[in-house]
Each structure stands twice: as structure tokens, then as C-alpha cells.
Amino acid sequence: MDSLRSVSLGSRLPRLERQMLWQHVLQVPRAWLIAHDTDALAPAAVASFRHLEDQRLAGTPMAYLLGYREFMGHDFQVSPAVLIPRPETELLVETGLDYLKGRAAPRVLDLGTGSGAIAISLALACPGATVVATDLSYDALSVAQGNASRLGARVEFSHGSWYHALSDHKGFDLIVSNPPYISAGDSHLTQGDVRFEPITALTDGSDGLSALRAIIQGASQWLVPQGALFMEHGWDQAQAVRQLLHQACFEQVASLPDLAGIDRVTGGIYN
Ligand SMILES: C[S@@+](CC[C@H](N)C(=O)[O-])C[C@H]1O[C@@H](n2cnc3c(N)ncnc32)[C@H](O)[C@@H]1O
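Here our numbering = 1-based position in the sequence shown + 4.
Shown next, in the form of C-alpha cells:
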């Protein structure tokens, strides 16, 4: 009869990933695995583990196998319809929250919401805010809607390309976005986890700046005076994004570094 120990002996997965998959299959805490490593396992559990192990060895991201990823202290359900939320995107949320401090009932817009990670985190941290989140993908919006109701966040979802998703013209105090910013020919698109993520979440199919350009150029019609726009972008795009913001008449244009000291969020205030 198979046990955790006997199955693990033959596994090529790193120990931590193995443990996470077992926890997922058996729905037990990590401590249970250690205390029960020689117990006999049900054949169905071993088969489920081996199926997940095969997918992981073929490159499927852990978040898709487990069905969730933690972001800003919340567990977000994810599927291959959405980008897996990245730790670096927490900088964009924190920047937005800093801007919202002291505003009682701000209106916030998240463009390209994916799993809803940004919009939902903002809504949970700022319960007085009205948060609108959009995406071009119906499948992504369905994942985001599920996350909002599971996490108890009040977010209004809308389908469409960037500002075309919006029907009324009420001004937003804050617009945030983590749009697709990898250029079409970038070799990273064929490496690692990103091979399994939706291509339209990763690349604009062009120079990497076209989505950022559309968001910046359209923002003035949707922001209140003194409203802010903050965007995540690639490690080498900060200068180009600042230039686009200046061209669109934004003030106080600035970039913020991530923990590695690389400028990954840029924004400004529209007067
Ligand atoms: C980089 S992902 C970000 C997802 C999520 N906001 C996050 O940070 O984890 C970009 C998102 O933009 C969406 N998107 C791509 N093109 C779009 C467009 N023209 N209009 C609206 N959303 C778009 C994609 O479907 C995807 O969900």
C-alpha cells in the first residue's frame, strides 16, 4: 500500500511543491503530512497526486493546480483564464491606497482586472470606495466576480476594451491598471509559468506600450480634477510611461521602485 513517504521517494518535484500538492489532494494542514507520512493512502488520492505531479512537471503553474494565489493577504481563486497575481503588483495597490488616504467616498477604476486582485484588494481596504473593474475577457470577469463575492468585496464589473467598458461619465478619483505590457517578440513569453497564462493578459501584441498609451490618453475624460492615474509596467518602461504622462498633461509624474529597486509603477495627477 502506498504512503506519503513511499510516493514521495519516487517524486521528481521539489519538497515544498510536493507538500502543497498533497495538502491540496488530502485537504489537510502541513503538520498532518509530517505526522502521517507512513499511513496507507487511498488509491484515488495517489492517482490525484500523480495527475497533478505530471502537470506540474510539464510546467503548469502551481497556482493553477491549487486553484488559488495569495495577494495582499487574501486568497484569490485563479484559473487559466486569468493572470496569476504577482507580488510586485502589491506596490500598485499600496500606491493607490496611499493616494486614497483621507478620502471618505472615492471613486476608483481598475482597468484590466483579471482575477480582480487589485480592485478587490482596494475595495476591501477602503470600504467607503466605489470600485469599478473592467476586462476585455468575459472569462476573467467571471473569475473576478466569484472572488469579489467570496471575499465580500463590493466591486462593480464591466466588460469592454479599456474605457469603452464604461457607460456613464462620472469622474474617478483614482484609476489603476496593470495592463499587458510585454512586447510581442519578448522571449519571456515562451518561458516558465507565463506559457500557461492568457496571452492577452501578457502582451499587447505590439511594442509593449500600446495598452499603457491607450490608458494614459483616455484617462483625462474619466478623472476628476486632481484625480490620479497609476500603472504597473515593465522594468525598462518607466521613462517611456513618464513621457506619455507628461504628453497627456499629467503633473507630479513619478515612478516608484519595487523591493529590488526597479521602477515598476508610474503615475501622475491630472489637473
Ligand atoms: C497583466 S493582466 C492583469 C490582471 C490583474 N489586474 C492583475 O494585476 O493580476 C492584464 C489584464 O488586462 C486585460 N486586458 C487585455 N486587453 C484589454 C483591453 N483592451 N481592455 C480591457 N482589458 C484588457 C486582460 O484580459 C488581463 O486580465
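All C-beta atoms, glycine included, are put in the ideal place defined by N, C-alpha and C.
Worksheet item: If aspartate 139 and glycine 116 are in contact, beta carbons under 8 angstroms, what's the gap, nearest whole angstrom?
Response: Right, the Cβ-Cβ distance comes to about 6 angstroms (below 8 angstroms), so this counts as a contact.
Discussion item. Please list the terminal residues of the continuous beta strand (DSSP E) segment that includes phenylalanine 153.
Written reply: It is worth fixing the name first, because residue 153 is serine in this sequence and not phenylalanine. Run containing serine 153: none in the beta strand (DSSP E); it sits in the alpha helix (DSSP H), 142-155.
Discussion item. Does the beta-carbon of leucine 87, which I'm using as the reference point, lie nearer than 6 angstroms to any heavy atom of ligand 1?
Written reply: Checking every heavy atom of ligand 1 against the Cβ of leucine 87, one is found closer than 6 angstroms.
Item to complete: Below 7 angstroms CB to CB, which residues in the same chain sit around isoleucine 186 once its five sequence neighbours on both sides are set aside?
Response: Result list for isoleucine 186: His192, Leu193, Leu206, Thr207, Gly212 and Gly238, in chain order.
Fill in: Delimiting residues of the alpha helix (DSSP H) encompassing valine 50
47-61
Discussion item. Which complete alpha helix (DSSP H) runs does the segment 88-125 hold, if anything under 4 residues is left out?
Written reply: 94-104
Practice prompt. Find the nearest neighbour of leucine 69 within the set Asp79, Met76 and Ser83, judged by alpha-carbon distance.
Written response: Ser83
Practice prompt. For glycine 77, name the three-state secondary structure that DSSP assigns.
Written response: Correct three-state label for glycine 77: coil.
Worksheet item: Are valine 112 and leucine 178 close, meaning C-beta to C-beta below 7 angstroms?
Response: yes
Discussion item. Let me confirm a value: leucine 61 is counted as buried when at least 16 other C-beta atoms fall within 10 Å, else exposed. Which label applies?
Written reply: In the assembly as shown, leucine 61 is an exposed residue. Its beta-carbon has fewer than 16 other beta-carbons within 10 Å.
Worksheet item: In three-state DSSP terms, what is leucine 170?
Response: coil
Item to complete: Taking all protein chains shown into account, decide if asparagine 275 is buried (16 or more other Cβ within 10 angstroms of its Cβ) or exposed.
Response: exposed
Worksheet item: If you measure from the CB of proline 110, is any heavy atom of ligand 1 nearer than 6 angstroms?
Response: no
Practice prompt. Just the C-alpha distance for glycine 150 and glycine 120, rounded to the nearest angstrom, thanks.
Written response: 9 angstroms
Practice prompt. Could you tell me if the beta carbon of tryptophan 26 falls within a distance shorter than 6 angstroms of some heavy atom in ligand 1?
Written response: no
Item to complete: Go through its chain and collect everything with a Cβ distance to isoleucine 203's Cβ below 7 angstroms, but skip five positions before and after it.
Response: none
Worksheet item: Exposed or buried, which one is threonine 4 when buried takes at least 16 other CB atoms within 10 Å?
Response: Nothing can be reported for residue 4, as the shown portion of the chain is limited to 5 through 275.
Worksheet item: Using a threshold of 6 angstroms, is the CB atom of aspartate 139 nearer than that to any non-hydrogen atom of ligand 1?
Response: yes
Practice prompt. Look at the alpha carbon of arginine 34 and the alpha carbon of arginine 217, and state the distance between them as a whole number of angstroms.
Written response: About 46 angstroms.
Discussion item. Which same chain residues end up closer than 6 angstroms to valine 136 when comparing Cβ atoms and leaving out the 5 residues on each side of it in sequence?
Written reply: Leu113 and Glu160
Item to complete: Measure the alpha-carbon distance for leucine 25 versus isoleucine 124 and round it to whole angstroms.
Response: 27 angstroms
Item to complete: Using 6 angstroms as the cut-off, classify the Cβ of tryptophan 166 as near or not near the heavy atoms of ligand 1, replying yes or no.
Response: Yes, the Cβ of tryptophan 166 comes within 6 angstroms of a heavy atom of ligand 1.
Worksheet item: Out of curiosity, what's the CA-to-CA distance linking glutamine 225 and serine 153?
Response: 30 angstroms
Practice prompt. Using a Cβ cut-off of 7 angstroms (strictly closer), state whether leucine 69 contacts chain B.
Written response: Structure shown: chain B not included; a single protein chain is present.
Fill in: Nonlocal neighbours in the same chain, by C-beta distance under 8 angstroms from glutamine 81, ignoring five residues either side
Gly71, Tyr72, Ser119, Val147, Gly150, Asn151 and Arg154
Discussion item. Helix, strand or coil, according to DSSP, for methionine 5 in the structure here?
Written reply: coil
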